[in-house]
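Below is one structure, written out as structure tokens; comments come after it.
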Amino acid sequence: MSMRIVALLACCLLAACSKLNQENYSKLKAGMSKQEVESLLGAPGECAGALGMTSCTWGDDKAYISVQYAGDKVMLFSGKGLK
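Letter 63 of the sequence shown, counting from 1, is numbered 134 in my numbering, and no numbers are missing.
Set out below in structure tokens:
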């Protein structure tokens with residue numbers, strides 16, 4: 072394995088190759104589809120909902136992004152601890 076690949080892998084492990092960051096959060100927009108959000112952030116860790124409303128969360132207590140959907144479209148979103 073070349074040193075370049077080793078360095079890249081080490082960097083990814085240290086940064087956890089997370090899609091949970093301020094850059095991706097700033098790309099979220101009201102009206103986006105669930106598919107667009109999941110393409111940006113990956114699969115959510117947790118979702119719950121009722122009556123056509125769904126709330127999905129990526130991350131944990133220290134750093135997270137939460138997205139609320141009406142049907143398939145983003146209505147609101149929030150984040151905490153993003154770098």
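Cβ atoms here follow ideal geometry from the backbone N, Cα and C, with glycine treated the same way.
{"Item": "Put serine 149 into one of helix, strand or coil per three-state DSSP.", "Value": "strand"}
{"Item": "Opposite serine 45 in the DSSP bridges: which residues?", "Value": "This structure does not reach residue 45, given that the chain is present from 72 up to 154, and the question cannot be answered."}
{"Item": "If you reduce the DSSP assignment to three classes, tell me which class serine 126 lands in.", "Value": "strand"}
{"Item": "Could you tell me if leucine 122 is buried or exposed, where buried requires 16 or more neighbouring beta carbons within 10 angstroms of its beta carbon?", "Value": "exposed"}
{"Item": "From the DSSP secondary-structure annotation, give me the bridge partner or partners of glutamate 117.", "Value": "Thr128"}
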